[in-house]
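Read the structure below first, then the notes.
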Amino acid sequence: MDAFLDNPAILWFVLGLVFLLAELAMPGLIILFFGVGAWITALAYLVFDFGFNSQLAIFISSSLLCLALLRRFLVKDKSSSATNELNQEFVGHTCTVSDSILPGPEGGRVKFRGSNWKAISHVPVAAGETVRIIAQDSIVLVVQPLT
């Protein structure tokens with residue numbers, strides 16, 4: 044057991060493993076890079092036999108460098124994919140006009156999948172007509188007549 048505690052490389056490796064396990068418990072892709080930094084420090088100690096202050100400097104700098112350079116590649120932009128999924132859910136489908144739609148920002152209302160939505164169009168559309176959804180702007184559907 045004393046050999047385990049006397050070798051800083053093993054301690055840095057175990058600390059890196061603890062950080063990686065903590066990342067599994069608290070996902071966010073931050074703690075992971077401190078685990079990688081601890082492993083880099085363990086490797087650096089095995090090669091160069093640094094003192095504690097140098098080990099600490101290597102740990103901090105390698106962790107922050109990995110965090111700054113690699114996190115953006117691992118974290119996906121969720122907002123753009125969520126927006127694309129929502130657009131796929133609405134755009135191209137047809138719905139029925141429940142309140143007449145006049146051109147301009149006032150618009151009207153359409154019934155789509157059992158819910159009433161505010162809708163706008165470039166041309167007037169009478170109530171009861173069927174329209175196609177061509178775009179979505181937040182909670183407003185942009186529609187056009189089928190004809």
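All residue numbers for the sequence shown refer to our numbering, where the first residue is 44 and numbers rise by one.
Ideal placement from N, C-alpha and C gives every residue a C-beta, glycine not left out.
The three-state reading of DSSP puts S181 in coil, since its state is none of H, G, I, E or B. Residue environment: A170 is assigned as exposed (fewer than 16 neighbouring CB atoms within 10 Å of its CB, all protein chains considered). DSSP places F102 inside the alpha helix (DSSP H), whose first and last residues are F95 to L117. Residue environment for V153: buried (at least 16 other C-beta atoms within 10 angstroms of its C-beta). Under DSSP, I144 forms a beta bridge with V168.
Judged by DSSP in its simplified three-state form, P51 adopts helix.
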